[in-house]
Amino acid sequence: MASIKNLKKDLNYIYSDIIEDCYVWQLENSDKADKAEAIIDNAIASFDELVAKVNEKNIDNKKAHFKGIIVDLQKDVKKLQLKLAKL
């Protein structure tokens, strides 16, 4: 497993890319900007939730815990990308 530091960086980069895509969409579709705001809010909430999971201290099985975080990340990113594609 990669380091916790790298996992946090990956989370930051992935969610930043999604938010940046939303901002680009908002610039192109200024009349419907509020639709992308919901996706941005979901991305920020998901990021905060996953970082909180990464920062948990009392974990019995670290390997399984971090694999679960990665699975949650993949599911959430896929969901957010589908929402963005539907715009």
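Each residue of the sequence shown is one higher than the one before, counting from 1 in the numbering used here.
Cβ coordinates follow ideal geometry from the N, Cα and C atoms, glycine included.
Note that this is a predicted model, so its numbers are computed, not measured.
Any non-hydrogen atom of the ligand NAD within 8 Å of residue i CB
i   : result
A45 : The model on display carries no ligand, and the ligand NAD is accordingly not part of it.
With 16 other Cβ atoms within 10 Å as the buried cut-off, status of residue i
i   : result
L82 : exposed
D34 : exposed
I44 : exposed
I39 : buried
A36 : buried
Rounded C-alpha distance that separates residue i from residue j
i   : j   : result
I4  : K79 : 24 Å
K67 : I18 : 22 Å
D60 : E20 : 36 Å
Y23 : N6  : 25 Å
L87 : K32 : 9 Å
E28 : L84 : 13 Å
7 Å Cβ shell around residue i - same chain, five flanking residues per side excluded
i   : result
L50 : L11, I69, D72, L73
K8  : V51, V54
F47 : L11, Y15
Segments assigned beta strand (DSSP E), at least 3 residues, entirely inside the stretch 5-77: none
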